[in-house]
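Colleague:
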Amino acid sequence: MNEKLLTTERLPARVNADQVAALLGMQASDIQILARSRLLKPLGNPARNGSKYFATCMILRLAEDERWLARASDAIVAHHHQRNHGGEE
C-alpha cells in the first residue's frame, strides 16, 4: 500500500502512521515516537490506543523542513538510546 501511495498522482487529505512513515522515509514505529515527542500531531483527539491520522499537507511541509527532520532524527535516536541503555551514559 505504501509503495502505491508514493506513486499516486493525488495524495489523500489525511494519512495514517504507516503512510506518514513512507512519506517521510522512516519506519512505522518512528511515527509513534515522534507523536509522543510532540514533533507530530495527529488530527483531532484520538484515543491513546486508537488509530491516528495526520494531515498530508503538514507531513509534506515537514518533509521539506531540514531543521525539523534533524530534530525528528535526534528524537528517534534518543528514544532508542534510552531504551537500549536505560539512561546510563
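According to this note's numbering, the sequence shown holds residues 280 to 368 in order.
Think of the CB as a built atom: it goes at the ideal place given N, C-alpha and C, for glycine as much as any other residue.
If you're wondering where the values come from, they're calculated on a predicted model, not measured in any experiment.
(1) If you check the beta carbons only, do Ala307 and Ala314 fall under 7 Å apart?
(2) Identify every residue that forms a DSSP beta bridge with Arg293.
(3) Measuring CA to CA, which of Gln311, Leu302 and Ala342 is closest to Asn328?
(4) Using the C-alpha atoms, what's the distance from Ala354 back to Gln361?
(5) Could you check how far apart the C-beta atoms of Leu284 and Ile338 are, in whole angstroms? I think they sit under 8 Å.
(6) Report buried or exposed for Ala296, applying the criterion of at least 16 other Cβ atoms within 10 angstroms of its Cβ.
(7) Using only CA atoms, which one of Asn363, Val356 and His364 lies nearest to Ser316?
(8) Does DSSP put Ala300 in a helix, in a strand, or in coil?
Modeller: Well, looking at it:
(1) Inclusion of Ala307 and Ala314 in the CB contact set at 7 Å is not warranted, their separation being larger than that value.
(2) Ala334
(3) Here the closest residue by C-alpha is Gln311.
(4) 10 Å
(5) Leu284 to Ile338, Cβ: 11 Å. No contact.
(6) buried
(7) Val356
(8) helix
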